[in-house]
Amino acid sequence: MIQVNNLSFSYTKQPFISGMSFSVSHGEIFGFLGPSGAGKSTLQKILIGMITAYQGSAMVNGVECKKRTKDFYEDIGVDFEFSTMYEKLTAKENLQFFSSLYEKKSRSIEELLEMVGLDRDGDKRVSDYSKGMKSRLNFIKALLHDPLLLCLDEPTSGLDPTNSRMMKDMILAEKAKGKTILLTTHNMQDAAELCDRVAFIVGGKICALDSPHSLIMSKGAAAVTYTWLENGEHSANCPIDRISSDERLKGLISENRLQSIHSGEPTLNDIFMDITGRTLV
Amino acid sequence: MKPILSSFLQMLKSVKRDRMLVAACVAPLLVGIAIKYAIPFMEEILIAQTNRREILRPYYGLFDIFFSMITSAMFCFAAAMVLLEEHDDHIESYCSITPLGKTGYLISRIFLPAFAAFLMTGILLPIFHLTPLPPAMTFFFSLTGNLQGVIIALLVVTLSTNKLEGMAVTKIASVTILGALVPYFLPEPLQYTLAFLPSFWVGKSVCDQKLIYMLPAILETAIWILILLKRFRRKMP
Chain A
1 MIQVNNLSFS YTKQPFISGM SFSVSHGEIF GFLGPSGAGK STLQKILIGM ITAYQGSAMV
61 NGVECKKRTK DFYEDIGVDF EFSTMYEKLT AKENLQFFSS LYEKKSRSIE ELLEMVGLDR
121 DGDKRVSDYS KGMKSRLNFI KALLHDPLLL CLDEPTSGLD PTNSRMMKDM ILAEKAKGKT
181 ILLTTHNMQD AAELCDRVAF IVGGKICALD SPHSLIMSKG AAAVTYTWLE NGEHSANCPI
241 DRISSDERLK GLISENRLQS IHSGEPTLND IFMDITGRTL V
Chain B
1 MKPILSSFLQ MLKSVKRDRM LVAACVAPLL VGIAIKYAIP FMEEILIAQT NRREILRPYY
61 GLFDIFFSMI TSAMFCFAAA MVLLEEHDDH IESYCSITPL GKTGYLISRI FLPAFAAFLM
121 TGILLPIFHL TPLPPAMTFF FSLTGNLQGV IIALLVVTLS TNKLEGMAVT KIASVTILGA
181 LVPYFLPEPL QYTLAFLPSF WVGKSVCDQK LIYMLPAILE TAIWILILLK RFRRKMP
């Protein structure tokens with residue numbers, strides 16, 4: 001679906017994106033992770049044809065992005081982080097207008113509104129919507145023309161846990177339909193939960209690219225941390241695959257002297273910190 | 001073509017919702033009635049009071065020029081205001097990544113309103129003109145007036161970032177139509193200092209009764225539009 005080879009771009013004389021290469025398969029959720037100003041949004045703008053003055057190659061659905069025609073957009077749906085709606089129009093009026101810009105038959109506006117729990121607010125002006133409602137409306141606008149590729153920029157930003165869950169379930173439902181999804185985020189939990197593969201982007205370069213699970217496992221397995229009392233409280237760690245050889249832990253268990261024990265594994269954020277020396281949260 | 005028409009219709013709906021913009025679109029009709037009836041009436045009163053043979057009559061051509069520009073200026077002003085409001089709502093960013101694209105968006109927001117103004121001027125000018133206007137002159141008046149409106153719209157959307165700034169810039173941009181006065185009131189060669197304004201050549205064409213001056217007017221307008229269009233496209237996300 002997406003083939004990027006040796007991609008470089010610069011806003012000034014300094015390179016902003018340099019030598020990026022990666023590919024995204026059909027039906028994959030691919031995440032761009034990185035701090036603000038890392039180049040994630042610029043990369044997304046290149047892939048959706050908003051920036052064309054790049055070097056190298058960026059092919060989406062078989063089309064070089066800088067040579068896109070209007071048909072290119074029949075199969076791309078974009079959900080920007082900010083609202084892109086007429087504030088003075090109702091949600092339905094907005095969706096009707098944007099669906100009229102495509103040649104393809106539109107999905108049912110009523111059904112889409114119902115999917116995100118806005119069916120009762122369809123006739124309300126967008127200016128009266130809360131931030132979360134606008135995010136949900138923005139998201140279904142990207143689905144109107146049933147595109148093959150969805151580009152989502154911080155889709156759960158500003159949503160409460162319930163709506164965030166709803167949004168993530170909808171993203172997974174689109175993936176189940178065979179859609180390819182590009183997710184730009186700095187939310188590691190979302191990325192770990194949703195993405196098949198993620199690319200860590202820092203300073204306009206890809207520092208690591210793999211599945212969240214492989215990235216986590218590459219930095220060592222989960223560990224057990226336990227505490228006990230012996231002239232004060234002590235604690236120790238033990239890799240989970242070496243528990244049977246930890247004599248102290250075995251002794252504490254047999255003597256029922258453990259104060260606490262819990263297992264933990266590195267998070268994607270830990271891996272990000274290890275690789276890039278920076279944190280996102 | 002479908003996305004462009006949809007986008008144009010959406011703009012008309014936006015204009016319909018805003019009373020100020022509706023008034024701007026109706027204004028040419030009121031101005032036309034004022035020019036057709038109020039100016040000759042004022043001329044009669046002034047002649048009667050001053051005992052001069054004519055006062056306003058030598059400038060009737062100038063009134064025709066301004067009327068030819070006002071329809072387009074008002075239509076393009078309305079379009080520019082819609083465009084600025086859409087800029088605030090990030091609509092232009094979104095439209096540029098739909099089949100409408102940047103070019104389609106510009107056509108629906110600048111060139112279709114200008115074409116509508118061209119047709120409207122072609123209808124209203126033969127009704128409200130004060131000087132004898134052969135069809136060729138009506139055509140050139142409509143065309144140059146229309147292109148002048150495009151210049152004003154592009155100046156507004158290029159130099160301002162919101163509706164409030166847009167209204168201020170409209171006042172400044174409208175000064176560009178005053179070039180038509182220059183050939184009437186400034187002697188040669190001094191008048192050529194303002195020859196960079198397309199409206200100067202339209203005024204000169206009417207003042208000197210030479211249609212050939214419409215050519216530099218059209219050429220200059222094309223250069224203005226190309227430069228402004230380039231700057232506006234750079235400003236677009």
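Chains A and B, in that order, are what the protein sequence lines are. Counting from 1, one number per residue, gives the positions in the first sequence under the working numbering. Counting from 1, one number per residue, gives the positions in the second sequence under the working numbering. A virtual CB, placed ideally from N, CA and C, is assigned to each residue, including glycine.
Taking CB atoms only, Asp71/A has a neighbour in chain B less than 9 Å away.
Taking all protein chains shown into account, Arg109/B has 16 or more neighbouring C-beta atoms within 10 Å of its C-beta and is therefore buried. Residue contact with chain A for Leu112/B: absent (no Cβ-Cβ distance below 9 Å to any residue of chain A). Annotation for Gly145/B: Ser68, Met69, Ser72, Thr121 place their beta carbon closer than 6 Å to its own, counting only its chain and skipping 5 residues before and after. When DSSP states are grouped into helix, strand and coil, Val22/B belongs to the helix group.
Straight-line measurement puts the Cα of Leu147/B at about 14 Å from the Cα of Ile227/B.
In the three-state DSSP reduction, Asp246/A falls in the coil class, being neither helix nor strand. Boundaries of the alpha helix (DSSP H) harbouring Leu5/B: 2 to 17, taken from the DSSP string.
Residues of the segment 39 to 50 of chain A with a Cβ closer than 8 Å to any Cβ of chain B, in chain order: Ile48, Gly49, Met50. Taking 9 Å as the threshold, the shortest C-beta distance from Thr98/B to chain A falls below it. Ranked by Cα distance from Asn187/A, the first of Ile206/A, Pro35/A, Met170/A is Pro35/A. When rounded, the separation of the alpha-carbon atoms in Ser174/B and Ile152/B is 7 Å. Between the beta-carbon of Gly204/A and that of Ile17/A there is about 4 Å, and that keeps the pair under the 8 Å contact cut. Residue range 40 to 47 is occupied by the alpha helix (DSSP H) that includes Lys40/A. Runs of alpha helix (DSSP H) with 4 or more residues, each lying fully within the segment 163 to 234 of chain A, are found at 188 to 194, 212 to 218, listed in chain order. Under a criterion of Cβ atoms nearer than 9 Å, the residues of chain A adjacent to His90/B are, in order, Phe80, Phe82, Ser83, Thr84, Met85. With fewer than 16 neighbouring CB atoms inside 10 Å of its own CB, Gly232/A falls in the exposed class. Shown in chain order are the members of the segment 9 to 22 of chain B whose Cβ falls below 7 Å from a Cβ of chain A: Gln10, Arg17. Secondary-structure assignment with DSSP links Ser263/A through a beta bridge to Val224/A. Membership of Phe97/A in the alpha helix (DSSP H) is indicated by the continuous run 91 to 99. Only buried fits Arg136/A, as 16 or more other CB atoms lie within 10 angstroms of its CB. Across the structure, Lys16/B and Glu85/B are spaced so that their CA atoms are roughly 14 Å apart.
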